[in-house]
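K.L.:
Supplied in structure tokens, the structure appears directly below.
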Amino acid sequence: MREETKCLHAGYTPKNGEPRVVPICQSTTYLYESTDEVGALFDLTKNGYFYSRIANPTVCAVEDKIAALEGGVGALCTTSGQAANLLAVLNICSAGDSIISAPTIYGGTINLFAVTLKRLGIECIFVDPEASEEEIQKAFKPNTRLVFGETIANPAICVFDIEKFASIAHKNGVPLIIDNTFATPILCRPFEFGADIVTHSTTKYMDGHAVQVGGVIVDSGNFDWTNGKYPELCEPDESYHGLRYVEAFGNAAYITKARVQLMRDFGVYPGATAAFYLNLGLETLAVRMERYCENAEKVARHFAASDKVESVSYPSLETDPYHERAKKYLPKGCSGVLSFTIKGGREKAAKFMDSLKLASNEVHVADIRTCVLHPASATHRQLTDEQLIAAGINPGLIRFSVGLENVDDIIEDIDQALANI
Ligand SMILES: *Cc1c(COP(=O)(O)O)cnc(C)c1O
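FYI, in full-length UniProt numbering the residues of the sequence shown are 1 to 421.
So, in structure tokens, the structure goes:
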């Protein structure tokens with residue numbers, strides 16, 4: 001199946017007389033006829049649903065669809081993108097370990113890594129993603145467990161060199177985790193460039209309609225966990241009578257452990273209705289991404305031509321520093337999100353935002369409706385000016401998320417707001 005077809009058909013194949021659309025299995029529990037069978041489910045020696053904190057048929061259909069879209073061996077949905085990144089890291093990190101991340105990532109992820117994981121005893125070392133391999137190598141320590149980056153950074157709109165980081169990570173025997181939220185598997189499939197684990201905030205393009213918060217972790221199945229660095233995947237798990245994940249689940253060891261151990265213990269699994277809505281969004285993902293890219297490119301060129309705009313970040317523009325890299329990683333387009341800096345800094349930025357009539361000023365991005373946000377006063381307000389600059393964010397920067405309205409209406413709105421500042 002090609003992408004558009006997977007969006008509609010992967011993950012759920014009804015049999016004769018069954019519902020055409022993925023049904024909402026709104027049940028916390030599942031009936032069995034024998035105690036032995038339930039015991040086997042708890043021991044993981046038998047496959048099946050037994051409690052909706054760990055798995056549910058509606059959610060699993062959506063997980064299988066996303067795994068198919070990314071080209072992975074399995075996926076696990078979570079109640080938010082934050083929960084996805086948290087579990088993706090904790091699945092292979094404990095107190096005393098360290099991780100390496102680009103600083104050009106979502107503000108919430110910076111807080112998670114730099115503040116909350118630190119409290120749990122996990123150190124995050126931020127490295128400049130444009131540094132040389134030798135420079136980046138210096139951040140690795142014997143306790144390094146993983147490397148993390150975003151395909152298209154929110155909101156700096158930098159394109160991450162996935163292949164370069166996969167190669168450095170693998171030389172050091174650790175996996176590369178890529179947050180692929182903005183690109184979606186329609187525009188980039190990080191596994192094809194060597195990434196090992198992919199995460200998403202499904203709140204953004206995958207859901208697409210701003211109806212609910214959610215996340216997902218996808219496992220490529222390619223990483224070798226038996227290299228001596230990952231005892232939690234190779235040595236007996238006491239909470240499952242000494243089960244060894246790699247031995248029992250092969251190349252699906254990572255994603256199975258995330259579900260049966262971490263999801264069991266943390267309980268951040270979405271409900272069936274949430275998955276049903278996510279699935280509706282996924283059905284049109286491929287078509288929507290195509291139009292987002294088309295609209296955003298026109299809007300980016302329009303901003304770039306305005307004498308009131310200092311700079312525009314959108315990698316499809318020939319003048320963008322990430323243009324060449326985007327040709328490799330994002331050949332079909334760079335999503336609907338761009339950022340720009342208005343001449344006159346913070347004050348003019350606020351005036352522009354307040355003058356918009358069609359585009360909404362809201363804390364959201366990658367929505368079906370055009371929306372704008374001032375990161376320095378919203379999503380990234382916890383960051384110091386130094387951290388802002390490191391994340392690639394000018395205090396006067398505006399993130400502009402182009403929606404699926406007629407692009408001429410979006411441009412007319414921009415023009416009247418620019419005229420007003
Ligand atoms: C929004 C976002 C997150 C966090 O996801 P939530 O669903 O809001 O918890 C993580 N990464 C990126 C790139 C995001 O844009």
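Just so you know, even glycine gets a beta-carbon here, dropped at the ideal spot from N, CA and C.
1. If you draw a straight line from the C-alpha of Thr79 to the C-alpha of Leu317, how long is it?
2. Between Arg369 and Ala195, what straight-line distance do the alpha-carbon atoms span, to the nearest angstrom?
3. Tell me the rounded alpha-carbon separation between Phe148 and Ile99.
4. Sorted by chain position, which residues of the same chain lie with C-beta nearer than 6 Å to Thr181's C-beta, five sequence neighbours on each side aside?
5. Tell me whether Asn227 counts as near ligand 1, meaning its Cβ is closer than 7 Å to at least one heavy atom of that ligand.
6. Taking 7 Å as the limit between beta carbons, can you name the residues of its chain near Tyr322, skipping five residues before and five after?
7. Kindly indicate the opening and closing residues of the beta strand (DSSP E) around Asp219.
8. Would the beta-carbon of Asn85 be found less than 7 Å away from any heavy atom of ligand 1?
9. For the candidate residues Val363, Lys46, Pro190 and Glu310, whose alpha-carbon lies nearest to that of Ser377?
10. Out of Lys171, Ile197, Cys234 and Asn111, state which residue places its alpha-carbon closest to the alpha-carbon of Glu134.
11. Any heavy atom of ligand 1 closer than 7 Å to the Cβ of Tyr106?
12. Do Val268 and Ile54 have their CB atoms nearer than 8 Å?
13. Under a Cβ-count criterion, where at least 16 other Cβ atoms within 10 Å of its own Cβ denotes burial, should Gln82 be classed as buried or exposed?
14. Look at Ala61 and Gly11 and say whether their C-beta atoms are less than 8 Å apart.
15. Can you tell me where the beta strand (DSSP E) holding Arg399 begins and where it ends?
16. Can you tell which of Thr45, Lys327 and Phe352 has its C-alpha closest to the C-alpha of Cys188?
17. Since Thr151 and Met289 should fall inside the 8 Å C-beta cutoff, what is the C-beta to C-beta distance between them, to a whole number of angstroms?
18. Can you tell me where the alpha helix (DSSP H) holding Val62 begins and where it ends?
19. Could you give the first and the last residue of the continuous beta strand (DSSP E) run that contains Thr116?
20. Rounded C-beta distance between residue 489 and Gly208? I'm assuming under 8 Å.
21. Where Lys118 and Leu112 are concerned, what is the direct C-alpha to C-alpha distance, given to the nearest angstrom?
22. Just to confirm my understanding: we take Ser360, look at its own chain, exclude 5 residues before and 5 after, and list those with CB closer than 8 Å. What are they?
23. Tell whether a beta-carbon distance below 8 Å holds between Val365 and Phe340.
24. In angstroms, rounded to a whole number, what distance separates the CA positions of Cys93 and Gly250?
25. Mind checking which residues open and close the beta strand (DSSP E) that includes Val312?
26. Could you give the C-beta distance for Val198 and Val218, rounded to a whole number, given that I count them as a contact under 8 Å?
27. Just to confirm the assignment, what range does the alpha helix (DSSP H) spanning His9 have?
28. Thr29 by DSSP, collapsed to three states: which one?
29. Based on the DSSP secondary-structure assignment, which residues constitute the bridge partners of Ile178?
30. Taking buried to mean at least 16 other C-beta atoms within 10 Å of its own C-beta, is Glu63 buried or exposed?
31. Report the option in Asp320, Thr384, Val407 and Glu247 whose CA atom is closest to the CA atom of Ile110.
32. Distance check for Pro395 and Ala300, CA to CA, integer angstroms please.
33. What do you reckon, is the C-beta of Phe182 under 7 Å from a heavy atom of ligand 2?
34. Could you check if Ser311 belongs to the surroundings of ligand 1, using beta carbon to heavy atom distance under 7 Å?
35. Given that a residue counts as buried once 16 or more other Cβ atoms are within 10 Å of its Cβ, and exposed if not, what is Thr256?
36. Indicate the three-state DSSP secondary structure (helix, strand or coil) for Cys293 in the structure shown.
P.N.:
In this structure, then:
1. 35 Å
2. Pairing Arg369 with Ala195, the inter-Cα distance amounts to about 31 Å.
3. 8 Å
4. His200, Ser201 and Lys204
5. no
6. Cys158, Val159 and Pro315
7. Gly215 to Asp219
8. For ligand 1, at least one heavy atom lies less than 7 Å from the Cβ of Asn85.
9. Val363
10. Taking only the C-alpha atoms, the option nearest Glu134 is Lys171.
11. yes
12. no
13. buried
14. yes
15. Leu397 to Ser401
16. Lys327
17. Between Met289 and Thr151 the Cβ distance is about 13 Å, and since that is not below 8 Å, they are no contact.
18. Its alpha helix (DSSP H) spans residues Pro57 to Glu70.
19. Where Thr116 is concerned, there is no enclosing beta strand (DSSP E), given that its DSSP letter is neither H nor E.
20. Not covered by the structure: residue 489. The range shown for the chain is 1 to 421.
21. Taking the straight line joining both Cα atoms gives about 8 Å.
22. Arg369, Thr370, Cys371 and Val372
23. no
24. 20 Å
25. Taken as a continuous stretch (DSSP letters only), the beta strand (DSSP E) holding Val312 covers Val309 to Ser313.
26. Contact check for Val198 and Val218: beta-carbon distance about 4 Å, within the 8 Å limit, so the pair qualifies.
27. Glu3 to His9
28. In the structure shown, Thr29 sits in a strand (DSSP, three-state: E or B).
29. Gly149 and Val198
30. buried
31. Thr384
32. 20 Å
33. The model on display carries ligand 1 but not ligand 2.
34. no
35. By the C-beta density criterion, Thr256 is buried, having at least 16 other C-beta atoms within 10 angstroms.
36. Here Cys293 sits in helix by DSSP.
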